[in-house]
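Quick note: the sequence shown uses numbering that gives the first Met the number 0, first residue 0, plus one each step.
Cβ atoms here follow ideal geometry from the backbone N, Cα and C, with glycine treated the same way.
The structure under discussion appears below in the form of structure tokens.
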Amino acid sequence: MKQDVMKSSGYNLPQGNVVICSACNGCEHTVLRSVFDDRYGHPATFQLAQCRQCGHVMTLPRLREEDLPELYGTYYPRKALTAELVARQAAQAQTRMSRLSRWWMGGDNQGQLDVKPGEKMLDIGCGSGLSLLIARSKGAEVYGVEADPNVHPLAKELGLSIHQGSIHDHPFPGMSFDLVVLNQVIEHIPEPGLALQVIAGRLAPGGRIILVFPNRSSFYSKIFGPRWINWHIPYHLHHFNLSGFKKMAERYGLKLVCHRTITPNIWTFLQFRAVLKKPIQGQASPVWAVTEAVPVGAVSRNKPLHITLKILIAPLLLGVFGVVNRCVDLLGQGDCLMVELRREQGQ
């Protein structure tokens with residue numbers, strides 16, 4: 000079984016098939032179950048495995064940095080994005096009620112929202128560049144790193160400095176940063192501990208790292224188990240909870256100074272949609288198709304009844320999810336963790 004899984008993935012394990020845990024450096028693990036891409040149709044079979052020493056959960060086989068551009072360029076849905084759409088999204092984020100609405104919708108799980116005017120910010124895994132546009136509008140000097148080659152033309156059109164590659168390429172040489180942001184990124188990195196070590200070396204004095212990542216110990220992960228949407232195989236290579244992440248950060252001289260959980264209402268909406276639609280291995284799921292959202296209230300007589308009902312019901316469901324999710328977050332059981340790290344004194 001193990002050899003079949005490794006062969007079908009198309010990726011390689013480290014030499015000798017020994018997997019080193021990124022959280023504790025342990026080298027023994029237990030396979031929990033076989034898993035596959037239930038979003039975008041990657042055809043391979045992978046495994047979820049748990050470190051026997053610290054309990055950290057990882058996806059096997061372990062992908063390498065050099066595997067990521069092809070993986071994301073082929074399967075991730077950014078090919079459908081345009082610079083015009085990204086710019087429009089950035090403008091909408093600056094509306095007068097955006098702070099309150101972001102909190103209610105669980106959309107404040109974005110590290111760039113904490114940037115201060117005049118700060119130099121680096122967003123690792125910046126995706127379309129939306130976060131950079133938002134931070135730039137707040138008066139920050141912004142830079143990004145992104146593995147997906149589809150982002151390159153967007154960056155050019157939007158006038159953004161985005162390095163296509165990884166932090167290990169030493170992008171923007173000689174520069175240090177007041178804020179380094181990783182929004183839903185650390186779980187995608189093959190060796191997250193080594194990445195944190197490199198990032199710590201790029202911080203300016205007093206600099207901060209803000210990370211947001213799925214919470215393996217969340218309320219919804221316990222309810223939905225194997226159907227929890229944030230396993231997100233094979234793109235999520237690591238599956239953290241707070242205690243495990245804190246231990247990993249401390250190993251690299253970084254102190255966790257604050258944290259909270261946040262559950263985006265749209266995640267919950269998609270969670271229930273995903274549960275109702277059984278995934279088929281090797282096929283992209285329509286739940287995750289990239290389409291431009293229909294504005295609330297834009298009901299047309301020409302639209303089928305079921306589409307009209309969706310337009311009317313979706314905002315109601317998101318409101319209900321808001322009540323539940325804000326309570327879940329207060330209890331520290333939200334679907335994603337937002338943490339701030341600083342270098343330990345003397346580091």
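For Ser33, which residues does DSSP report across the bridge? On the sequence shown, position 34 is the one that residue 33 refers to. Beta-bridge partners of Ser33 (DSSP): Gln46.
Note down, in chain order, each residue of its chain lying with its Cβ closer than 6 Å to the Cβ of Tyr39, except the 5 sequence neighbours on either side. Position 40 of the sequence shown, counting from 1, holds the residue named residue 39. Result list for Tyr39: Tyr74, Ala283, in chain order.
May I ask you to list the residues that DSSP assigns as paired with Thr260? In the sequence shown, residue 260 corresponds to position 261, counting from 1. Looking at the DSSP assignment, Thr260 forms a beta bridge with Leu336.
Where does the unbroken alpha helix (DSSP H) through His151 begin, and where does it stop? As a first step, residue 151 must be located in the sequence shown, where it is residue number 152. Counting along the chain, the alpha helix (DSSP H) containing His151 begins and ends at 150-157.
Specify the secondary structure class of Phe63 as computed by DSSP and reduced to three states. The count along the sequence shown starts at 1 and reaches residue 63 at position 64. It should be pointed out that residue 63 corresponds to Arg in this sequence rather than to Phe. Correct three-state label for Arg63: coil.
For Ser242 and Pro170, the rounded distance between their alpha carbons: As a first step, residue 170 must be located in the sequence shown, where it is residue number 171. As a first step, residue 242 must be located in the sequence shown, where it is residue number 243. Near 31 Å, if we compare the C-alpha coordinates of Ser242 and Pro170.
Looking at Phe223 and Leu336, is the spacing between their C-beta atoms short of 9 Å? On the sequence shown, position 337 is the one that residue 336 refers to. On the sequence shown, position 224 is the one that residue 223 refers to. In this structure, Phe223 does not lie closer than 9 Å to Leu336 by Cβ.
Leu181 and Lys119 - do their beta-carbons sit closer together than 9 Å? For the purposes of this step, residue 119 is taken as residue 120 along the sequence shown, with counting starting at 1. For the purposes of this step, residue 181 is taken as residue 182 along the sequence shown, with counting starting at 1. At least 9 Å separates the beta-carbon of Lys119 from that of Leu181.
Helix, strand or coil for Asp177, going by three-state DSSP, please let me know. Position 178 of the sequence shown holds residue 177. The answer is strand: DSSP assigns Asp177 an E or B state.
Give the straight-line distance between the Cα atoms of Pro189 and Gln49, rounded to the nearest whole angstrom. Position 190 of the sequence shown, counted from the start, is the residue given in the question as residue 189. Position 50 of the sequence shown, counted from the start, is the residue given in the question as residue 49. If I take the Cα positions, the gap works out to 15 Å.
7 Å Cβ shell around Gly138 - same chain, five flanking residues per side excluded: Locating residue 138 in the sequence shown gives position 139, counting from the first residue. Taken in chain order, the residues that qualify are Pro116, Gly117.
How should Thr350 be labelled, buried or exposed, when 16 other C-beta atoms within 10 angstroms of its C-beta is the threshold for buried? An answer regarding residue 350 cannot be provided, because it is not within the stretch 0 to 346 covered by the chain.
How many angstroms separate the CA atom of Val327 from the CA atom of Pro263? As a first step, residue 327 must be located in the sequence shown, where it is residue number 328. As a first step, residue 263 must be located in the sequence shown, where it is residue number 264. Going from the Cα of Val327 to the Cα of Pro263 covers about 11 Å.
If I measure Cβ to Cβ from Glu64 and keep anything under 7 Å in the same chain, skipping five residues before and after, which residues do I get? Walking along the sequence shown from the start, residue 64 turns up at place 65. Within the same chain, Glu64 has close Cβ partners Ser165, His167, Pro189.
Got a sec? Which residues, its chain only, sit under 8 Å from Leu62 by beta carbon, not counting five neighbours each side? Counting from one through the sequence shown, the residue named residue 62 turns up at place 63. Tyr10, Leu70, Pro189, Pro233, Leu236, listed in sequence order.
In angstroms with no decimal places, state the Cα-to-Cα distance between Pro285 and Leu121. Taking the sequence shown and counting its residues from 1, one reaches residue 285 at position 286. Taking the sequence shown and counting its residues from 1, one reaches residue 121 at position 122. Between Pro285 and Leu121, the C-alpha separation is close to 33 Å.
Residue of Gly105, Glu83, Phe320, Leu202 minimising C-alpha distance to Ala154: Locating residue 154 in the sequence shown gives position 155, counting from the first residue. Cα-wise, what sits closest to Ala154 is Glu83.
Segments of 4+ residues assigned as alpha helix (DSSP H) that fall wholly inside the segment 174-250: Segments of the alpha helix (DSSP H) lying fully in the segment 174-250: 191-199, 218-223, 241-250.
Considering Cα atoms alone, identify which of Ile279, Leu210, Pro278, Lys276 is closest to Leu253. Here residue 253 is taken as the residue at index 254 of the sequence shown, counted from 1. For Leu253, the nearest C-alpha among the options comes from Leu210.
In this structure, how does DSSP classify Val274 when only helix, strand and coil are distinguished? By 1-based counting over the sequence shown, the position of residue 274 is 275. The answer is helix: DSSP assigns Val274 an H, G or I state.
So, do the segment 156-165 and the segment 139-148 have three or more beta carbon pairs nearer to each other than 8 Å? At 8 Å Cβ cutoff, the stretches touch.
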